[in-house]
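Protein chains in written order, with the working numbering: chain A, 209 to 509; chain B, 2 to 438; chain C, 394 to 567.
Positions of the beta carbon are idealized from the N, C-alpha and C atoms, including for glycine.
These numbers come from a predicted model, not from an experiment.
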Amino acid sequence: QEVQLQAASCFPQGTFFSQRFEKMIEEVNEKGEGLVSINYVGGAPAIGSQLTVVQKVAQGIYDLNSCTGSYYQNVVPEADAWKLLEKTPAEIRENGGWDYMNEIHNEKNLEVLSRHHYGTKFHLFLAEDSAIDSPDLSGLHLRTAPTYTNFFKSLGATTQDTNVQQIFTLMENGTVKGYGWPVLGHQPGWETVTKYRVDPGFYDVDLMIMANKRVWDGLPEEVQTLIEDAALALEEDAVANDAALNEQVAAKQVENGFEVIEFTGEEREQWLNAARNAGWEGVNNIAPETGPKLREYFAND
Amino acid sequence: MEWYWALTLLLGGAVALLILGLPVAFAFFAANIAGAFFFMRGHIGLSLMPIEYTLSVTKFTLVPVALFILMGEILFQTGVAFRSISAIDKLISRMPGRLSIVSIAGGTVFSSLSGSTIANTALLGNLMLPDMLKKGYHPTIAVGPIMAVGGIAMLIPPSALAVLLASLAERSITDLLMAGVIPGILMAASFVGYVVIRCKINPDLAPPTEAPTESGWARIRPFFVDVLPLFLIFAVVVGSIFFRIAAPEEAAALGCIAALVISAAYRKLNWAALRKALRETAKINVMLLFIIAGSLTFAQVLQISGATAGVLGAIQSMEMSQLTAMLMMMLLLLFLGCFMDQISMILLTLPFFLPLGESLGMNPTWLMVMMLIAMEISLLTPPFGLLLFVMKGVAPAGVRITQIYRAALPFITLEILIMVLIGLVPAVALWLPEAFK
Amino acid sequence: MNNLFKSFDAAMGRFYDHVGTLVGVSIGLFALAISLDLVMRLMGIGNLGGVQEIIEYALFAGVFLAAPWVLRLGAHVRVDLVISALSTRAARVLDRLLDLLGFTICALLMFYGTINLRDAYAFGSMQMKYFNVPEWWLLTVFVVSFVLLGIEFLSRMARGGDAAADHDDLSGGM
Ligand code: NA
Ligand code: NA
Chain A
209 QEVQLQAASC FPQGTFFSQR FEKMIEEVNE KGEGLVSINY VGGAPAIGSQ
259 LTVVQKVAQG IYDLNSCTGS YYQNVVPEAD AWKLLEKTPA EIRENGGWDY
309 MNEIHNEKNL EVLSRHHYGT KFHLFLAEDS AIDSPDLSGL HLRTAPTYTN
359 FFKSLGATTQ DTNVQQIFTL MENGTVKGYG WPVLGHQPGW ETVTKYRVDP
409 GFYDVDLMIM ANKRVWDGLP EEVQTLIEDA ALALEEDAVA NDAALNEQVA
459 AKQVENGFEV IEFTGEEREQ WLNAARNAGW EGVNNIAPET GPKLREYFAN
509 D
Chain B
2 MEWYWALTLL LGGAVALLIL GLPVAFAFFA ANIAGAFFFM RGHIGLSLMP
52 IEYTLSVTKF TLVPVALFIL MGEILFQTGV AFRSISAIDK LISRMPGRLS
102 IVSIAGGTVF SSLSGSTIAN TALLGNLMLP DMLKKGYHPT IAVGPIMAVG
152 GIAMLIPPSA LAVLLASLAE RSITDLLMAG VIPGILMAAS FVGYVVIRCK
202 INPDLAPPTE APTESGWARI RPFFVDVLPL FLIFAVVVGS IFFRIAAPEE
252 AAALGCIAAL VISAAYRKLN WAALRKALRE TAKINVMLLF IIAGSLTFAQ
302 VLQISGATAG VLGAIQSMEM SQLTAMLMMM LLLLFLGCFM DQISMILLTL
352 PFFLPLGESL GMNPTWLMVM MLIAMEISLL TPPFGLLLFV MKGVAPAGVR
402 ITQIYRAALP FITLEILIMV LIGLVPAVAL WLPEAFK
Chain C
394 MNNLFKSFDA AMGRFYDHVG TLVGVSIGLF ALAISLDLVM RLMGIGNLGG
444 VQEIIEYALF AGVFLAAPWV LRLGAHVRVD LVISALSTRA ARVLDRLLDL
494 LGFTICALLM FYGTINLRDA YAFGSMQMKY FNVPEWWLLT VFVVSFVLLG
544 IEFLSRMARG GDAAADHDDL SGGM
């Protein structure tokens, strides 16, 4: 009897942050023919708000999904801590951090299978008239996503949370002077309204593959193994290759005319510390009991 | 369930309820309930649908819809718009179909001040039509231009519908607003040309009326006093967008402030008029956005059911060229437009058109302008055309709906011609948004 | 009974009248706040933090809370092709049936809205942007909206159509 599963992504179908998950589904469907068949319904926002995808997995409308932590803080407040991971996935699987985080997810009926992006940092990108020379963002109005709102605010910026499609327009008319984004996955046109990239990058782009726990526990062992292996293969791939890929694209951006504002020495520490402190503070605020414990597992303090 | 059954259930259900006369928003709600039940695992799917509705209209990009309507309402309710049209009347000299030309000129001016086609048509219908009929104008040449120019309000910025379309498509609102300017002006020009030629060939259609008796400054003065200052509002809205000073939301807000300031400068601003304008705006905005809530979720259910992918796959397997695909899309819209309002049309077709256009490499702004024009035409196509009904509502009792239908025909033809032109030469629309990139 | 309904209906009418004005005024305030925010930005004196988000939530609340008012005015767009082709009597029957269908839709959405609200409360689901807003607040608005809409559909049946609205002229639309 073939198991029928339903899968969804928090990012638009076919885009950079959905592609690996989509390939995994194809692979599982191929290898598991007769055993399991995953129906991929697509990605947000075409299937609904990106903030409801994990809710729907937890409640059982979908069985599998791929999502970034800041999109499902409304279900698992601690999820935001995924971006603060400083150890490798293998290290936290070793030190108990993965299990601890997974147990938190289990309480919301979610089972975390793997992390399929690792080693990609977020950067601050700025418009031509908005160069900065120190880790001080006061006076800058920035487009943010919940991932780095706290960080930018803590350095004095004002922020505006918008959908991705708005970034170009807002930069173009100067409503915002910059935005946070990884080096990868820029949309066409952004290069025309962006001049500076601020280095070093901060946080780590996190995309997690999750399953509905009740459904997961009920799967035949063969199917579990099949999906788990495919998911873990993505994680190993990410750990092995993402950082290098990231560097390649970063260099290419410079070739194509981006200028880098690089903080070194003390300023570099200041910048990165502000990021991680704001990050953990955000987590601790909404999860005062589990937050500090997660930091012990996740951070290199 | 096969995708075509899903499509039949969802689309068929929504359209059936729509045609029966259930308010549009509720037709979508009903289809969504059925869709969630069948494709999102019944009870569970339904119990997460409300938050989806909630988030669907919690969007800043939808704010200009209300504000563009408010601008026009302020000018309309305070009476400033009426004065501007009488000033235009003074300006236009004796020529064939003079009053029709006044209507078209006045309507074009008001189009650049209001985001609402209905307000535009109602204004001109109230103001110009009784006079035209009394002076012996044939209904065709009296009623037709008013309805036609009324529709231009959604092409020339500000346009609530353009904002809605671009915001639902998650594409540049700025570009779409800019892309409507030249097609809108072209249409107004073609209407004038048509009226002049028709009336020249057949002077009985529009008996010569008195042209303004004043001359010199007395004749021009009202234009400077009552019309020219209004262009400040247009300059504020379009200028701030065009020169990339303001986002569309901000430009719309500035437009409202400008409309207020100008009404106050004419000493026409009072609480009663403002209250009326605000309430009217609220009414229309709620009506529009409530439908949006129902239909955005409808598009999501279509996607989850596999219907969207199925239809797109079927169309893509036909390997159409860009132009053929555009032609098919427009024919479908024109057909739907005979029976449906514009919002429902956008909402039913956008989930298919956008990915299809994208897969064929169409410029999304081009596609959206073409859609806007198709919807503008649908305002005039019988039997269900919003402006036809508005005209019936404001026209004197003697004017029959069949006369109104007939009066619309030549203008529908002109609009289709312009649509074909932009279909073949996209640059006509796209030049302006590209010009300031 | 009839009188009771009439005075209830009239009271609802007065209530909605205020809702309509309030939502209208909120839209006016959007224009002021956004303009102020823009001017501050252009003058380089910062921003009204979170103003955009307040407007987003106000927009949502306005749409859902004023939807019953709009229904009462008969101003929700509907296609009257079929109805206008029917005889007066048949049209009236169809109208009643549509009101009943409308009521059923509202009852279902109210029911599932309540379940969603309960779950969101139990889960502690939050919308976290500039402000942290519990999702159950938003869902409360949703549920209230559909309770009122359901009542309005029933009232329409009892009344036989739109309420005699304030004489709004035809100025609306797209
Ligand atoms: Na307009
Ligand atoms: Na029509």
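- Straight across, the Cα-Cα distance linking Lys393 of chain B with Arg401 of chain B is about 8 Å.
- In terms of Cα proximity to Ile89 of chain B, the closest of B:Gly217, B:Asp227 and B:Cys200 is B:Asp227.
- Contact between the stretch 270-284 of chain A and the stretch 352-361 of chain A is present, with at least three C-beta pairs closer than 8 Å.
- Scanning chain A for C-beta atoms nearer than 9 Å to the C-beta of Arg172 of chain B yields Gln373, reported in chain order.
- Cβ-Cβ distances below 8 Å link Leu434 of chain A to Val236, Lys239, Gly240, Leu243 and Val244 in the same chain, with the five nearest sequence neighbours on each side left out; the list follows chain order.
- Comparing C-alpha distances from Glu251 of chain B to each of C:Ala500, C:Ile544, C:Gly413 and C:Ile448 shows the shortest one belongs to C:Ile448.
- Residues of the same chain with a CB within less than 6 Å of the CB of Arg172 of chain B, apart from the 5 flanking positions on each side, are Pro365 in chain order.
- Ile52 of chain B places its beta carbon 8 Å or farther from that of Glu446 of chain C.
- At a threshold of 7 Å, Gly116 of chain B counts as near ligand 1, since its beta carbon sits closer than that to one of the ligand's heavy atoms.
- When CB distances to chain C are screened at a threshold of 7 Å, the residues of the stretch 21-52 of chain B falling below it are Leu21, Gly22, Leu23, Pro24, Val25, Ala26, Phe27, Phe30, Ala31, Ile34, Leu47, Ser48, Leu49, Met50, Pro51 and Ile52, in chain order.
- Look at Ala298 of chain A: its beta carbon is at least 7 Å from all of the heavy atoms in ligand 1.
- Between the C-alpha atoms of Gly14 of chain B and Tyr5 of chain B there is a straight-line separation of about 13 Å.
- The alpha carbon of Val164 of chain B has as its nearest neighbour, out of B:Pro427, B:Thr62, B:Gln304 and B:Gly107, the alpha carbon of B:Thr62.
- Listed as beta-bridge partners of Ala459 of chain C by DSSP are no residues whatsoever.
- Within 10 angstroms of the beta-carbon of Leu425 of chain B lie fewer than 16 other beta-carbons, which makes it exposed.
- Chain order gives no chain B residues near Gln212 of chain A, where near means a beta carbon separation below 7 Å; the closest approach is about 11 Å.
- In the structure shown, the three-state DSSP call for His411 of chain C is helix.
- Among the residues facing chain C, Pro496 of chain A is not included, as its CB has no counterpart in that chain under 8 Å away.
- Contact annotation: His331 of chain A and Lys385 of chain A have beta-carbon atoms that are not nearer than 8 Å.
- Under the DSSP assignment, Val429 of chain B falls in the alpha helix (DSSP H) whose first and last residues are Ala428 to Ala436.
- Under the 8 Å Cβ criterion, the stretch 409-419 of chain C does not count as touching the stretch 184-200 of chain B, having fewer than three qualifying pairs.
- Linking Gly304 of chain A to Asp450 of chain A through their CA atoms gives a straight-line distance of about 24 Å.
- Burial is judged here by how many other beta carbons sit within 10 angstroms of a residue's own beta carbon; Thr402 of chain A has at least 16 and is buried.
- In this structure, the C-beta of Ala154 of chain B approaches ligand 1 to less than 7 Å from one of its heavy atoms.
- Contact between the stretch 483-498 of chain C and the stretch 21-32 of chain B is present, with at least three C-beta pairs closer than 8 Å.
- If only uninterrupted alpha helix (DSSP H) runs of at least 4 residues are considered, those enclosed by the stretch 287-356 of chain A are 297-303 and 305-314.
- Taking a beta-carbon distance threshold of 8 Å, Phe423 of chain C counts as an interface residue toward chain B.
- Taking all protein chains shown into account, Gly46 of chain B has 16 or more neighbouring C-beta atoms within 10 Å of its C-beta and is therefore buried.
- Within chain A, no residue has its CB atom less than 7 Å from the CB of Gln317 of chain B, the nearest being about 14 Å off.
- In the DSSP secondary-structure assignment, Pro527 of chain C is bridged to C:Met519.
- At least 8 Å separates the CB of Glu545 of chain C from every CB of chain A.
- By the Cβ test, the stretch 251-261 of chain B is not in contact with the stretch 213-226 of chain B, since fewer than three Cβ pairs between them sit closer than 8 Å.
- Not one heavy atom of ligand 2 sits closer than 7 Å to the Cβ of Ser360 of chain B.
- Between Ala486 of chain A and Ser362 of chain A, the alpha-carbon positions lie close to 7 Å from each other.
- A Cβ-Cβ separation of about 17 Å leaves Phe539 of chain C out of contact with Thr59 of chain B under the 8 Å criterion.
- Taking each of B:Gly338, B:Met363, B:Leu313 and B:Ala396 in turn and checking the Cα distance to Ile374 of chain B, the smallest one comes out for B:Gly338.
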